[in-house]
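Student:
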Amino acid sequence: MSDLETKLTQISTVINQIDDPKVPRNIRKGAKDACTQWLLNKGKEMDVRIAITQNKLEELYEDPNIPPEFGTLILMINTELEKLLRELL
């Protein structure tokens, strides 16, 4: 597993923290889908995986029902994904 794949796996572990009963079901599902369908999907190009995951998480962040602590978590995740994307390009 490459260093980048290891970082993505670590980020997916953090994304899974959103799977908390305090978080609305649609946000939990969206985070899980972003992780499984995009971030960890090795069938797609790395830059696409990272960019689409960022986009999906940004959509979740904009949901007015997200608890503040999880909104902050999403912003932190997106910052890390942005760093990885810059390294990649």
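Under my numbering, think of the first position of the sequence shown as 4, with each following residue one higher.
From the three backbone atoms N, C-alpha and C, an ideal C-beta is built for every residue, glycine too.
Just to confirm the assignment, what range does the alpha helix (DSSP H) spanning Ala54 have?
Tutor: Your numbering for residue 54 matches position 51 in the sequence shown. That run of the alpha helix (DSSP H) goes Met49 to Tyr64.
Student: Determine the direct distance from the alpha carbon of Asp6 to that of Leu76, and round the result to whole angstroms.
Tutor: On the sequence shown, position 73 is the one that residue 76 refers to. On the sequence shown, position 3 is the one that residue 6 refers to. Straight-line Cα distance between these residues: approximately 22 Å.
Student: With Leu84 as the anchor, note down where its alpha helix (DSSP H) starts and where it stops.
Tutor: In the sequence shown, counting from the first residue as 1, residue 84 sits at position 81. Its alpha helix (DSSP H) spans residues Pro71 to Leu91.
Student: To the nearest angstrom, report how far apart Leu87 and Lys47 are at their CA atoms.
Tutor: The residue you call residue 87 lines up with position 84 of the sequence shown. The residue you call residue 47 lines up with position 44 of the sequence shown. Taking the straight line joining both Cα atoms gives about 16 Å.
Student: Between the beta-carbon of Lys35 and the beta-carbon of Asp22, is there less than 8 Å?
Tutor: Numbered from 1 along the sequence shown, position 32 holds the residue referred to as residue 35. Numbered from 1 along the sequence shown, position 19 holds the residue referred to as residue 22. Contact flag set, yes.
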